[in-house]
Ligand SMILES: NC(=O)c1ccc[n+]([C@@H]2O[C@H](COP(=O)([O-])OP(=O)(O)OC[C@H]3O[C@@H](n4cnc5c(N)ncnc54)[C@H](O)[C@@H]3O)[C@@H](O)[C@H]2O)c1
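Residue numbers (this note's numbering): 32 to 402.
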């Protein structure tokens with residue numbers, strides 16, 4: 032199989048989808064690996080490091096897409112990349128299609144088989160290719176929130192952990208999954224008062240044990256969230272329904288309950304956002320204000336720490352890339368039902384139910400799309 036790794040072109044995206052270690056594994060298994068020149072630069076990985084493990088360095092995206100069969104990326108393809116996709120391609124990357132009908136249509140028109148990292152499941156129903164980036168994003172969420180609470184940045188001017196004699200900030204985390212738990216751990220470490228909301232009681236039980244009394248767990252409902260909002264300084268939105276558009280947990284009207292210059296961090300923005308007033312932002316211009324509340328809604332938060340994120344991501348994706356390259360997409364999804372759940376678009380059809388529902392299109396069985 033010819034495996035291609037392009038340079039990411041999304042704004043402020045510095046990750047790369049394969050490290051030299053991955054090249055070595057693929058080449059040792061008999062595959063050909065093409066890496067676009069400069070693809071690893073943002074993650075401190077030079078072309079030579081790839082070439083020395085057997086990769087061929089190609090000058091541009093046009094040649095890379097032209098020669099590769101399996102294209103491995105980090106973020107959803109941008110319009111100039113969609114134009115290079117063909118029916119013979121398998122694309123393996125984050126897609127987040129439930130929030131983007133236009134991207135979904137573009138991928139359908141390409142005819143390519145598009146496998147989304149974020150809907151691949153393991154044998155326990157967890158999301159093994161989302162989890163590493165959720166760990167990173169959760170930790171960044173608290174750091175970013177603490178920073179945005181500083182007065183010169185438009186925040187309330189409260190120190191997350193306080194000092195002896197002066198209380199720290201109150202942090203509300205809505206969604207206690209991988210993002211939420213990591214955000215909470217950093218907030219606990221910074222000595223804030225932390226409240227984690229989830230609707231899954233078994234998850235709340237697990238969190239309660241993990242926190243060991245250092246954060247409160249709360250059942251999430253419209254009323255319970257509303258009752259806490261007047262007291263909190265920072266809210267981190269981290270809810271997810273697998274593959275679907277994010278549920279809305281704070282409305283615009285509820286912003287008026289909050290303290291002036293409090294901060295909302297919407298990590299779920301890649302699935303459409305969980306606050307009514309959220310809209311996607313970038314690392315270059317991460318925040319805006321609505322009704323006196325700062326909103327931080329960066330869609331590729333882990334892209335800011337590529338030296339950590341590239342390794343965390345590729346450690347998780349590498350076995351799947353190897354499997355797809357060695358068995359082909361049909362063989363790999365037959366052998367791994369969890370990988371089959373990653374196929375969101377194939378042969379011009381949407382093949383993943385929650386995406387089809389979110390974008391208002393019919394769903395087709397994966398086998399039909401790939402055939
Ligand atoms: N912005 C970024 O750069 C970035 C990076 C990584 C992950 N994410 C996103 O963060 C979100 C969370 O990811 P995750 O890995 O933590 O997911 P997860 O599945 O581990 O956790 C989601 C949690 O939300 C809970 N939940 C669902 N509906 C809820 C509701 N109404 N109220 C309270 N809790 C609710 C679920 O029970 C679950 O525990 C996803 O949308 C993911 O795509 C964004």
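We put the CB at the ideal spot given by N, CA and C, even for glycine.
For residue i, the nearest candidate out of the options (CA to CA)
i: residue 206; options: 383, 99, 269, 395; result: 269
i: residue 97; options: 34, 61, 81, 57; result: 34
i: residue 237; options: 254, 223, 336, 211; result: 211
i: residue 93; options: 77, 101, 116; result: 116
i: residue 298; options: 286, 288, 318, 285; result: 318
i: residue 425; options: 397, 101, 79, 72; result: Lying outside 32 to 402, the shown extent of the chain, residue 425 is not represented and no answer is given.
i: residue 315; options: 166, 335, 306, 304; result: 335
i: residue 139; options: 382, 354, 312; result: 382
i: residue 259; options: 290, 274, 143; result: 290
i: residue 185; options: 147, 292, 398; result: 292
i: residue 213; options: 169, 203, 202; result: 169
i: residue 80; options: 104, 103, 63, 55; result: 55
i: residue 87; options: 320, 105, 360, 66; result: 66
i: residue 304; options: 280, 313, 288, 294; result: 280
i: residue 406; options: 103, 267, 113, 294; result: Any property of residue 406 remains undetermined from this structure, which presents the chain solely from 32 to 402.
i: residue 146; options: 136, 271, 121; result: 121
i: residue 135; options: 398, 380, 295; result: 380
i: residue 257; options: 288, 171, 233, 271; result: 288
Residue range of the unbroken beta strand (DSSP E) whose run includes residue i
i: residue 229; result: 224-229
i: residue 203; result: 201-205
i: residue 33; result: 33-36
i: residue 258; result: Where residue 258 is concerned, there is no enclosing beta strand (DSSP E), although the alpha helix (DSSP H) it sits in stretches over 253-259.
i: residue 66; result: 63-67
i: residue 375; result: 374-377
i: residue 319; result: 318-321
i: residue 297; result: 294-297
i: residue 158; result: Premise fails: residue 158 is in no beta strand (DSSP E) and is neither H nor E.
i: residue 102; result: 101-103
Whole-angstrom distance between residue j and residue i, CA atom to CA atom
i: residue 90; j: residue 208; result: 40 Å
i: residue 141; j: residue 110; result: 11 Å
i: residue 95; j: residue 37; result: 7 Å
i: residue 59; j: residue 348; result: 17 Å
i: residue 188; j: residue 61; result: 57 Å
i: residue 338; j: residue 68; result: 18 Å
i: residue 265; j: residue 84; result: 46 Å
i: residue 127; j: residue 277; result: 11 Å
i: residue 191; j: residue 340; result: 25 Å
i: residue 307; j: residue 286; result: 10 Å
i: residue 370; j: residue 53; result: 19 Å
i: residue 125; j: residue 244; result: 35 Å
i: residue 366; j: residue 166; result: 28 Å
i: residue 108; j: residue 195; result: 49 Å
i: residue 105; j: residue 322; result: 34 Å
i: residue 353; j: residue 143; result: 19 Å
i: residue 400; j: residue 378; result: 5 Å
i: residue 180; j: residue 331; result: 21 Å
i: residue 359; j: residue 273; result: 25 Å
i: residue 402; j: residue 362; result: 12 Å
i: residue 372; j: residue 151; result: 5 Å
i: residue 78; j: residue 313; result: 27 Å
i: residue 201; j: residue 320; result: 20 Å
Residue i: first and last residue of the uninterrupted alpha helix (DSSP H) it sits in
i: residue 348; result: 337-366
i: residue 327; result: Per DSSP, residue 327 belongs to no alpha helix (DSSP H); it is in the beta strand (DSSP E), 324-327.
i: residue 248; result: It is not in any alpha helix (DSSP H) - residue 248 instead sits in the beta strand (DSSP E) that spans 247-250.
i: residue 268; result: No alpha helix (DSSP H) holds residue 268; the beta strand (DSSP E) holding it covers 265-268.
i: residue 124; result: Looking at the DSSP string, residue 124 is not in any alpha helix (DSSP H); the run it does join, the beta strand (DSSP E), is 121-124.
i: residue 233; result: 232-242
i: residue 384; result: 384-390
i: residue 171; result: 162-179
i: residue 135; result: 132-141
i: residue 95; result: 92-98
Buried or exposed by the 16-neighbour rule on C-beta atoms within 10 Å, applied to residue i
i: residue 384; result: exposed
i: residue 48; result: buried
i: residue 182; result: exposed
i: residue 74; result: buried
i: residue 375; result: buried
i: residue 284; result: exposed
i: residue 302; result: buried
i: residue 156; result: exposed
i: residue 282; result: exposed
i: residue 344; result: buried
i: residue 350; result: exposed
i: residue 255; result: exposed
i: residue 46; result: buried
i: residue 215; result: buried
Q) How about the segment 371-390 and the segment 127-140: do they share at least three Cβ pairs that are nearer than 8 Å? A) yes
Q: Check whether the segment 214-229 touches the segment 246-256, taking contact to mean three or more Cβ pairs, one atom from each stretch, closer than 8 Å.
A: yes
Q: Report yes or no: do the segment 166-179 and the segment 312-330 share at least 3 C-beta pairs separated by less than 8 Å?
A: yes
Q: Check whether the segment 213-224 touches the segment 147-162, counting contact only when three or more Cβ pairs, one atom from each stretch, lie closer than 8 Å.
A: no
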